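J.:
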């Protein structure tokens, strides 16, 4: 330091240089040199003026920096540190729940549906297909109940632990919501105009009338009486011999309808047998659906099944996605079928048109009465990327993504920025992404059939589904930021998003590994979006809130011209 | 470095060291605004500052054991913050070319005192903050350390990884850059002998 000062500072008959003056006011000169400078400035007006100007400049700088020109960001608001540590166990919980959810989904749904759709003529070659439609046989919905119980227990245990460790603060609202929801599921008792019955064996006796909706949960449910409302069933076996004036929504292993249903039936089951009458429509996701010769459906029938046997009477249209379908009954409307095999028996009668897309030509018995000849289109399976149109469609999809992203980024610039920034927290984003990816659809399904309401469930599902696409855009924007640099402006960010989305789409179009990349991108982006939403719920410190004790660091020493200090 | 009248959070630090999360909350509540503002001045974007503030406090958990209670807590905290911000900037490798220049080549002649006075008179704090954003990262970092957190030349040298003797040069050069940004006038920034 001394070298520099002596090199540039001249005090004998010449002016002090700026460096010397700065070191002087910052008290960095040794005592001797300081006294020299002090003496010089007593005599030299120019140097005194410079010294004062530098001092004022220092004060201006300090003032400019210390001024509170913006409030503390919401995510840094009070106790955020604690909340952040709370998040650590949330991530642990998230991974635990996600692992459980993944296992349950895989064994309960992924395996059977993949096989079913493959049999129905849909390829399962991409990752989403692999995840959703892979596997063995349907194992029933009781695993869903078990999963819920695990979710509830884990979440509540986590919350209890957090409470006792005095770590839980406002930031854990997400966990509270989840816990509340699970608690609601665990105790679904206080609902108006609804009756809940639980147990191994549930019976509605022949002369019994249940007023309002009936929720049944157990191993076996048998309804011989009347239910004046809807029936929601979570059980292994559901048998309806009586009369139901509303709809049936069943998550069960076996469903048998021998009685009368005045509304619709929606089943997610292993097998459905309809021997009675359904006044309106029937929709079924199942291993097998049978409509016996005595069975009647007043509306249409939509099936996603391995095997369909229609021997009864269907008043309107029939839509089939199945491995094998056998029609020997009456169809009042048209038939649209897709799958491996379609057999139309000699007793069949189809009033409208019949269209079939499948691997094998339909087998049509001689005596079948058809409104028009069957239109058949043969399905041929080959790797999707060997088709020339695959890459054209990828381009079109990329353009659609860019457009979708553009709209979202323009509509929600700030939130989009936050989501992209959240994506930089890789671990948190992935963890939350895994949780949201599996938990939200489960929660949506549950909401649809419980007190929370159908509207909330369906809305949640659609938001979740849209977020799968938004997630890819967010990750694309982050990739763009990596390549082109950071920005806080909207349009430059959109530019980066466009570049990034094209790159991400190119990666996801790679044969074999593209599906995995896409899945990872979706999880990552979904977590980032969720994280940004979570942070939105954090409390905001208003600009006029009094500053905490140490918002203003100490001012620099008030150096004066005539009081040099040793360095 | 602690401001007069502000007591050191000795008790909260002791409790935080013992793992009391409530004490962490108190420390965060009291010091986060100042650290955020420090980061906001030192780093390019608001998001960077938010992230850095969070990271500094997370880092603090591991470092609190190293804190010497005979020193000012805020001074120590600023030192941690300065090191973190500078590391962040260095990792990002966005330092401008001019920062690789030899620091000794900076002109050290007198500026026009009157013109400097006039410039200071006319500029508001907000203009200074805007100008600050136009500076190179090292210049900005040096000014923030010196004039926001009142760090000593030794501490600045340590954080920036330069010899102590050059801290004054770095600061002076930063002031010149700032004047240039404020004025858009090279004459004043370059200085003119009188």
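Chains as they are written, first to last, in the numbering used here: chain A, -1 to 565; chain B, 34 to 227.
Just so it is clear, CB atoms sit at the ideal spot from N, CA and C, and this is done for glycine as well.
Quantities reported herein were computed from a predicted structural model and do not represent experimental measurements.
Give the residues of chain B in contact with residue 58 of chain A, contact being defined as C-beta atoms less than 8 Å apart.
T.: Position 60 of the first chain holds residue 58 of chain A. Per Cβ cutoff of 8 Å: 153, 156, 158 and 161.
J.: Can you round the beta-carbon distance between residue 530 of chain A and residue 420 of chain A to whole angstroms, since I take them to be within the 8 Å contact cut?
T.: Within the first chain, the letter at position 532 stands for residue 530 of chain A. Within the first chain, the letter at position 422 stands for residue 420 of chain A. That pair is a contact at about 5 Å.
J.: Can you find the residues in the same chain that come closer than 7 Å, C-beta to C-beta, to residue 438 of chain A, ignoring five residues on each side of it along the sequence?
T.: Against the first chain, residue 438 of chain A aligns to sequence position 440. Counting only Cβ-Cβ distances below 7 Å, and skipping sequence neighbours, we find 458 and 462.
J.: Quick one: is residue 319 of chain A buried, meaning 16 or more other Cβ sit within 10 Å of its Cβ, or exposed?
T.: On the first chain, position 321 is the one that residue 319 of chain A refers to. So residue 319 of chain A counts as buried.
J.: In angstroms with no decimal places, state the Cα-to-Cα distance between residue 349 of chain A and residue 433 of chain A.
T.: The residue given as residue 349 of chain A occupies position 351 in the first chain. The residue given as residue 433 of chain A occupies position 435 in the first chain. Going by the C-alpha atoms only, they are around 48 Å apart.
J.: Thinking just about the alpha-carbon of each residue, which of B:171, B:154, B:90 and B:160 is nearest to the one in residue 107 of chain B?
T.: Stepping through the second chain from its first residue, residue 107 of chain B is reached at position 74. Taking only the C-alpha atoms, the option nearest residue 107 of chain B is B:90.
J.: For the segment 176 to 190 of chain B, which residues have a beta carbon sitting closer than 8 Å to at least one beta carbon of chain A?
T.: So the close ones are 176, 177, 179, 180, 181, 182, 183 and 186.
J.: Using CA coordinates, which residue listed in B:114, B:156, B:191 and B:190 is at the minimum distance from residue 57 of chain A?
T.: In the first chain, the residue the question calls residue 57 of chain A occupies position 59. Closest by alpha carbon: B:156.
J.: Distance, Cα to Cα, residue 62 of chain B vs residue 99 of chain B?
T.: Locating residue 62 of chain B in the second chain gives position 29, counting from the first residue. Locating residue 99 of chain B in the second chain gives position 66, counting from the first residue. Cα-Cα distance, rounded: 21 Å.
J.: Whose C-beta lies closer than 6 Å to the C-beta of residue 273 of chain A among residues of the same chain, with five residues either side of it excluded?
T.: Position 275 of the first chain, counted from the first residue, corresponds to residue 273 of chain A. These residues qualify, in order along the chain: 256, 290, 292 and 293.
J.: Can you list, in chain order, the residues of its chain with a C-beta nearer than 6 Å to that of residue 277 of chain A? Leave out the 5 residues immediately preceding and following it.
T.: In the first chain, counting from the first residue as 1, residue 277 of chain A sits at position 279. Taken in chain order, the residues that qualify are 260 and 296.
J.: Distance, Cα to Cα, residue 212 of chain A vs residue 279 of chain A?
T.: Stepping through the first chain from its first residue, residue 212 of chain A is reached at position 214. Stepping through the first chain from its first residue, residue 279 of chain A is reached at position 281. If I take the Cα positions, the gap works out to 20 Å.
J.: Specify the secondary structure class of residue 212 of chain A as computed by DSSP and reduced to three states.
T.: Here the question's residue 212 of chain A lines up with position 214 in the first chain. Correct three-state label for residue 212 of chain A: strand.
J.: For residue 62 of chain A, which of B:165, B:66 and B:105 has the nearest alpha-carbon?
T.: The count along the first chain starts at 1 and reaches residue 62 of chain A at position 64. Comparing Cα positions, the closest option is B:165.
J.: Tell me the rounded alpha-carbon separation between residue 240 of chain A and residue 444 of chain A.
T.: Position 242 of the first chain, counting from 1, holds the residue named residue 240 of chain A. Position 446 of the first chain, counting from 1, holds the residue named residue 444 of chain A. Approximately 26 Å, taken between the alpha carbons.
J.: Residues in the segment 8 to 42 of chain A with C-beta within 9 Å of chain B's C-beta atoms, listed in sequence order?
T.: Listed by position, the residues of the segment 8 to 42 of chain A near chain B (Cβ gap below 9 Å) are 13, 14, 15, 16, 17, 18, 19, 20, 21, 24 and 26.
J.: Output needed for residue 44 of chain B: all residues of its chain with C-beta closer than 6 Å, excluding positions within five of it in sequence on either side, in chain order.
T.: Numbered from 1 along the second chain, position 11 holds the residue referred to as residue 44 of chain B. Nothing listed; no residue qualifies.
J.: Out of A:508, A:428, A:242 and A:424, point me to the one whose CA is closest to residue 392 of chain A's CA.
T.: Here the question's residue 392 of chain A lines up with position 394 in the first chain. Per the Cα distances, A:508.
J.: For chain A, is any of its Cβ atoms less than 9 Å away from the one on residue 121 of chain B?
T.: In the second chain, the residue the question calls residue 121 of chain B occupies position 88. It does not; no Cβ of chain A falls within 9 Å.
J.: Check the Cβ-Cβ distances between residue 488 of chain A and every residue of chain B, and say whether any is below 9 Å.
T.: Within the first chain, residue 488 of chain A is the residue found at index 490, counting from 1. Residue 488 of chain A does not count as touching chain B.
J.: Buried or exposed for residue 204 of chain A, please, with buried defined as at least 16 other CB atoms from any protein chain shown within 10 angstroms of its CB.
T.: Position 206 of the first chain, counting from 1, holds the residue named residue 204 of chain A. Classification of residue 204 of chain A: exposed, given that the 10 Å Cβ count is below 16.
J.: Would you mind sorting residue 395 of chain A into buried or exposed? The rule is 16 or more other CB atoms within 10 Å of its CB.
T.: Sequence index remark: in the first chain, residue 395 of chain A carries index 397 (1-based). Counting Cβ neighbours within 10 Å, residue 395 of chain A comes out exposed, since fewer than 16 surround it.
J.: State yes or no: is the C-beta of residue 242 of chain A within less than 9 Å of the C-beta of residue 228 of chain A?
T.: Here residue 242 of chain A corresponds to residue number 244 of the first chain, with the count starting at 1. Here residue 228 of chain A corresponds to residue number 230 of the first chain, with the count starting at 1. Yes, they are a contact pair.
J.: So for residue 220 of chain A, helix, strand or coil by DSSP?
T.: Taking the first residue of the first chain as position 1, residue 220 of chain A is located at position 222. Correct three-state label for residue 220 of chain A: strand.
J.: Terminal residues of the continuous beta strand (DSSP E) containing residue 46 of chain B?
T.: On the second chain, position 13 is the one that residue 46 of chain B refers to. Here residue 46 of chain B belongs to no beta strand (DSSP E); instead the alpha helix (DSSP H) covers 43 to 50.
J.: Would you please verify whether the beta carbon of residue 419 of chain A is less than 9 Å from any beta carbon of chain B?
T.: For the purposes of this step, residue 419 of chain A is taken as residue 421 along the first chain, with counting starting at 1. Answer yes: the Cβ-Cβ gap between residue 419 of chain A and chain B drops below 9 Å somewhere.
J.: Give a yes or no on whether 9 Å exceeds the smallest Cβ distance from residue 141 of chain A to chain B.
T.: Along the first chain, read from residue 1 onward, the residue named residue 141 of chain A stands at position 143. Its pLDDT being 41, under 50, residue 141 of chain A is placed unreliably in this model, and the value from its coordinates should be taken loosely. Cβ-Cβ to chain B under 9 Å: no for residue 141 of chain A.
J.: Quick check on residue 214 of chain B - is its C-beta less than 9 Å from some C-beta in chain A?
T.: On the second chain, position 181 is the one that residue 214 of chain B refers to. So, not an interface residue.
J.: Quick one, which residues of the segment 62 to 74 of chain A are near chain B if we go by CB-CB under 8 Å, in chain order?
T.: Within the segment 62 to 74 of chain A, the qualifying residues are 62, 63, 64, 65, 66, 67, 68, 70, 71, 73 and 74.
J.: Step through the CB atoms of chain B and report whether any lies within less than 9 Å of the CB of residue 51 of chain A.
T.: One-based indexing of the first chain puts residue 51 of chain A at position 53. Chain B, which has a Cβ nearer than 9 Å to the Cβ of residue 51 of chain A, makes this yes.
J.: At least one CB of chain B closer than 9 Å to the CB of residue 260 of chain A: is that the case?
T.: Looking up residue 260 of chain A in the first chain gives position 262. No, no contact with chain B.
J.: In chain order, what are the residue ranges of uninterrupted beta strand (DSSP E) at least 3 long that sit wholly in the segment 350 to 416 of chain A?
T.: Those beta strand (DSSP E) runs which fall completely within the segment 350 to 416 of chain A and span 3+ residues are 352 to 356 and 373 to 376.
J.: Apart from the five residues just before and just after residue 479 of chain A, which ones in its own chain have a Cβ nearer than 6 Å to its Cβ?
T.: Your numbering for residue 479 of chain A matches position 481 in the first chain. 494, listed in sequence order.
J.: Would residue 430 of chain A pass as an interface residue toward chain B - the criterion being a Cβ-Cβ separation below 9 Å?
T.: By one-based count along the first chain, residue 430 of chain A stands at place 432. Answer no: the Cβ-Cβ gap between residue 430 of chain A and chain B never drops below 9 Å.
J.: Label residue 30 of chain A either buried or exposed according to how many other C-beta atoms from any shown protein chain fall within 10 Å of its C-beta, with 16 as the threshold for buried.
T.: Counting from 1 along the first chain, the entry for residue 30 of chain A is found at position 32. With fewer than 16 other Cβ atoms within 10 Å, it is exposed.
J.: Output needed for residue 185 of chain B: all residues of its chain with C-beta closer than 7 Å, excluding positions within five of it in sequence on either side, in chain order.
T.: Sequence index remark: in the second chain, residue 185 of chain B carries index 152 (1-based). Once the five neighbours on either side are set aside, residue 185 of chain B has no close Cβ partner at all.
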